[in-house]
């Protein structure tokens, strides 16, 4: 059995559209491999533009999309074997997702605290309202909120930053070991993005949660990531230590991505991200 938390082994995903005459094949994910250690929580970042395959890869890690070939192992178990309702709930309690738009994650007609109570009953041993409320409050306090602050409120009564923190709190209810965060700050006001980014670092350092951070934003990736891979048209074109790769990328695509975020004033510097990040992180 693998000692790793997650093993992605030569994973491919091919989508086929059309008939025999007009058949189109899209190789969305092409031979991707990486691992996350079980004993070393980290922020592992997947970088790529729209169409790079990063969201499809996230779906396979979450076991909502089946690989065409290759395999994904969580704590040594092939996700293809996670089929029964009981097994799927057990898997979901350990691997949680956070998505791009917090307003899409919540029904506008449903109070947000209901989502936390539901997660507590579904993924934990909480069976009473009091126990679910206690677990919800505990999770909310990890993201700088409390049940008293959000109780009875609807999504439209909260800011995007607050709602994304509630989404993170919901993911934390089950005490997961892995969170897959797909573009979690792209729909949040720029002034609130670093609040969420710093929260991910806190979850890694203080709670021991590993995070797969999916983004096209090299500046936040540089700030938060331990390791990363850069994807282009389904393939990993570069990977390794985050700051090493982003400070001196080697692949032409990686170089173009880096150049795209640099201003004219700092383009000549050896490590211009050191100038970008302090401004973002304040």
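In my numbering, the protein residues as written are 45 to 326.
For glycine and all other residues, C-beta sits at the position ideal for the given N, C-alpha and C.
Beta-carbon separation of residue i and residue j under 7 Å?
i           : j           : result
residue 211 : residue 146 : yes
residue 256 : residue 88  : yes
residue 286 : residue 269 : yes
residue 184 : residue 213 : yes
residue 116 : residue 76  : no
residue 164 : residue 176 : yes
residue 114 : residue 54  : yes
residue 254 : residue 80  : yes
residue 99  : residue 58  : no
residue 301 : residue 272 : no
residue 266 : residue 243 : no
residue 71  : residue 278 : yes
residue 197 : residue 156 : yes
residue 152 : residue 85  : no
Taking residue i and residue j to be in contact with their CB atoms under 8 Å, please state how far apart those CB atoms are, rounded to whole angstroms.
i           : j           : result
residue 97  : residue 73  : 5 Å
residue 237 : residue 259 : About 11 Å separates the two Cβ atoms, so there is no contact after all.
residue 274 : residue 91  : 5 Å
residue 281 : residue 295 : 4 Å
In three-state terms, what does DSSP make of residue i?
i           : result
residue 210 : helix
residue 218 : coil
residue 156 : helix
residue 166 : helix
residue 300 : helix
residue 143 : coil
residue 72  : strand
residue 125 : helix
residue 289 : helix
residue 80  : strand
residue 322 : The predicted model places residue 322 with a pLDDT of 42, which falls under 50 and marks its position as unreliable; any figure quoted below should be read in that light. In this structure, residue 322 counts as helix in the three-state DSSP scheme.
Mind checking which residues open and close the beta strand (DSSP E) that includes residue i?
i           : result
residue 257 : 254-259
residue 271 : 271-276
residue 103 : That residue, residue 103, is in no beta strand (DSSP E); its alpha helix (DSSP H) goes 98-105.
residue 90  : 87-91
residue 117 : 113-118
residue 285 : 279-285
If I follow the unbroken alpha helix (DSSP H) through residue i, where does it start and stop?
i           : result
residue 263 : 262-268
residue 237 : 234-246
residue 173 : 173-186
residue 61  : No alpha helix (DSSP H) holds residue 61; the beta strand (DSSP E) holding it covers 48-61.
residue 147 : Element bounds for residue 147: n/a, residue is neither H nor E.
residue 134 : 129-138
residue 189 : Unbroken run through residue 189: none, as it is neither H nor E.
Within 7 Å of any Cβ in chain C, is that where the Cβ of residue i sits?
i           : result
residue 173 : This model lacks chain C altogether, as it is built from one protein chain only.
Segment contact, 8 Å Cβ cut-off, at least three pairs: the segment 148-164 with the segment 191-206 = Touching, yes, given that three or more Cβ pairs across the two stretches are closer than 8 Å.
Is it true that the segment 98-107 meets the segment 133-142, where meeting means three or more beta-carbon pairs spaced less than 8 Å apart?
-> The answer is yes - the segment 133-142 touches the segment 98-107, with three or more Cβ pairs under 8 Å.
Evaluate the contact criterion for the segment 123-137 versus the segment 195-212: three or more CB pairs, one atom per stretch, below 8 Å.
-> In short, these stretches do not touch, since the Cβ pair count stays below three.
Given 8 Å as the limit, is there contact between the segment 221-235 and the segment 168-179, that is, 3 or more CB pairs closer than that?
-> The answer is no - the segment 168-179 does not touch the segment 221-235, with fewer than three Cβ pairs under 8 Å.
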